[in-house]
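Presented below is the structure to which this report refers.
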Amino acid sequence: MASERYKYQKHLDNGSYGSVALYSDIFLDRNVAVKTINTSTADDIDSILEEVKLLKSVYSKHVVNLYDVVHTPTSIDIYQEYLSGEDLVNKSGKCSKAEILSLGYQLAFGLSDIHKSGICHRDIKLENAKFDAQGVLKIFDFGVSREGDPHQTQNGFGTLEYRAPEIYKLHSEQSVTVSFAADIFSYGVTMHKLAFGGACNFSGYVPKVPQSAPLFAHLGLSVTLTQLLTKTLSYNPEDRPTAEELTYHLGREITQGWHTGSFVTSSGTHFVNSANPTARLKSQSNQAITIYYNGFDFVVQEVEGDVYLNNQSAKPGNILHQACVVTFDGEQRSFVSFSSSHPEIVL
């Protein structure tokens with residue numbers, strides 16, 4: 005029974021251990037979802053409390069917030085952020101390229117924060133991510149999550165299509181080692197379903213579903229991101245990228261073409277961006293460097309004479325970092341400072 009601070013609104017759902025209802029927090033004027041678990045009928049109270057312990061250790065914009073826990077002799081009430089939006093099921097196979105990038109970024113961001121907290125979620129799927137009232141996507145349901153990367157398990161948690169291949173070793177072994185890479189495989193399946201819909205069998209163990217092959221190459225993404233998304237579905241866990249890598253490269257793809265590079269010279273400031281992607285800087289000693297913006301980075305194309313980037317000899321293919329100094333090392337040494345904007349990802 006929720007405390008007097010919370011006013012009952014309506015029933016939301018029934019679960020294996022109890023029910024979920026919508027309450028309003030009278031003190032803070034916000035809606036909360038309250039999962040009420042009857043301790044007299046629940047089989048494993050320790051696992052329920054473990055879920056609470058894991059959830060409270062994660063702080064992320066893209067993970068559901070835990071507000072409070074009330075443990076009475078007859079029940080456990082878990083007070084969580086109420087996610088009023090839909091889950092991702094209805095978006096399966098219906099997403100544009102922009103939506104794929106946005107949803108993929110938010111999922112990877114939340115999963116990265118979960119992993120940084122030392123937790124393996126173990127049940128990433130379309131049904132376990134919902135939008136809040138502001139349209140921000142958040143991961144929830146830590147009912148089968150476990151601490152440790154890696155950790156040993158005797159339980160094949162997760163939904164068939166989303167389970168990593170290593171978990172299916174439980175068919176022949178008493179326990180298996182599971183790492184964060186299992187979540188990455190589930191993430192890859194989730195992304196593939198968002199992009200293309202349909203049933204999947206990337207593990208090779210899903211009954212009545214033919215073995216699937218990744219189709220991410222059809223999305224028109226950069227080579228790097230396409231390769232990373234494809235690797236999420238690798239059979240070998242060690243071949244899969246991390247959630248942090250995915251977040252970084254998805255963010256780069258979202259902000260492609262948004263950067264502006266500024267070169268400050270003695271004659272003024274020169275800007276390079278998607279509309280004006282090339283800059284050729286030349287010193288009085290006829291040393292020169294040509295830089296091209298490819299939508300992701302500011303890359304050295306050509307070098308004439310002794311030119312340095314932060315005291316390192318400049319060479320074609322070098323990338324100018326967010327802030328650096330270009331030095332022309334001639335009879336009259338001269339300097340050009342460079343800085344790049346850092347576009348904010350707006351979801």
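Here my numbering is used: the first residue of the sequence shown is 5, the next is one more, and so on. Yeah, the Cβ is synthetic: ideal placement off N, Cα and C, and Gly gets one too. In this text, all values refer to a predicted model and were calculated from it rather than measured experimentally.
| query | result |
| --- | --- |
| Where Arg256 sits in the DSSP three-state scheme | helix |
| Cβ distance (whole Å) where Ser345 is taken to contact His263 below 8 Å | 5 Å |
| Buried or exposed by the 16-neighbour rule on C-beta atoms within 10 Å, applied to Pro214 | exposed |
| Backbone CA spacing between Tyr12 and Asn132 [nearest angstrom] | 24 Å |
| Coarse secondary structure for Lys129, derived from DSSP in three states | coil |
| Residues bridged to Leu141 [DSSP beta-bridge criterion] | Phe135 |
| Local Cβ density within 10 Å of His175, reported as buried at 16 or more and exposed below that | exposed |
| CA-to-CA distance, Ala292 to Tyr71, given in whole angstroms | 59 Å |
| Own chain partners of Cys328 with C-beta closer than 7 Å, once the 5 adjacent residues on each side are dropped | Leu313, Asn314, Phe342 |
| Beta-bridge partners of His155, as assigned by DSSP | Val182 |
| Residue burial classification, Leu107 (beta-carbon count within 10 angstroms, cutoff 16) | buried |
| Close Cβ partners of Thr230 (< 6 Å) along its chain, the five nearest in sequence each way excluded | Phe220, Ala221 |
| Cβ shell of Phe135 (< 6 Å), same chain only, five flanking positions each side left out | Gly89, Leu141 |
| Best match in Leu105, Tyr10, Thr43 for proximity to Ser29 [C-alpha to C-alpha] | Reading off the sequence shown, one finds Asp at residue 29, where the question assumed Ser. Ranking Leu105, Tyr10, Thr43 by Cα distance to Asp29 puts Tyr10 first. |
| Three-state secondary structure (DSSP) of Leu105 | helix |
| CB-CB length for Leu225 against Glu249, believed under 8 Å | 15 Å between Cβ atoms; not a contact. |
| One or two residues paired with Lys14 in a DSSP bridge | Leu26 |
| Neighbourhood of Phe300 by C-beta, 7 Å cutoff - its chain only, sequence neighbours within 5 removed | Arg256, Gln260 |
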